[in-house]
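> Heads up: the sequence shown begins at 930 in our numbering, then just goes up one per residue.
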Amino acid sequence: MSSIRKMMGQAEPQPETPPLRTAPQTPELKERSTPPMTEAPRRLNLPPVAPPEERKPLSTRVKPSLKKALEDYTKEIRDAGFNVTQEMVLDVLLRELRDSEGLREKVAAVLVAEQK
């Protein structure tokens, strides 16, 4: 019990000390001091940040030559100074496939031709 009382005593705020005396401001010092802010600063007009989408593993098999092409492409971008990963490259490719009707038709045409 006494240790709890000791902790509570330590948590109690200390009595305030009297303010320090300062020299009266001369007119020169008053002019140099910043004027009080009369108006609140305007808020920035920023769009809300969307939470990042959850990432899930994509387990698939690709041809070794295509995997090598992906590795080389990613390495080329990294060597240029950009911190990209193979996953980021695949994300962009899949987004383009989702958003570009022309690319979707081109991919479908290649797939149909390879199936013959």
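Yeah, the Cβ is synthetic: ideal placement off N, Cα and C, and Gly gets one too.
Leaving out five residues on either side along the sequence, give the residues of the same chain with a beta carbon under 8 Å from the beta carbon of Ala1009.
So the list is empty, once near-sequence residues are dropped.
> Between the region 994-1003 and the region 964-983, do three or more beta carbon pairs fall short of 8 Å?
These segments do not touch.
> Is the separation between the beta-carbon of Leu1026 and that of Leu1019 shorter than 7 Å?
Not a contact, by the Cβ cut-off of 7 Å.
> By Cβ distance, which residues of its chain are closer than 7 Å to Thr989, with the 5 residues on each side in sequence left out?
For Thr989, where only same-chain residues beyond five positions count, there are no Cβ hits under 7 Å.
> Of all the beta strand (DSSP E) runs that stay within the bounds of the region 1014-1041, which reach a length of 3 or more residues?
Entirely contained in the region 1014-1041, not one beta strand (DSSP E) run reaches 3 residues.
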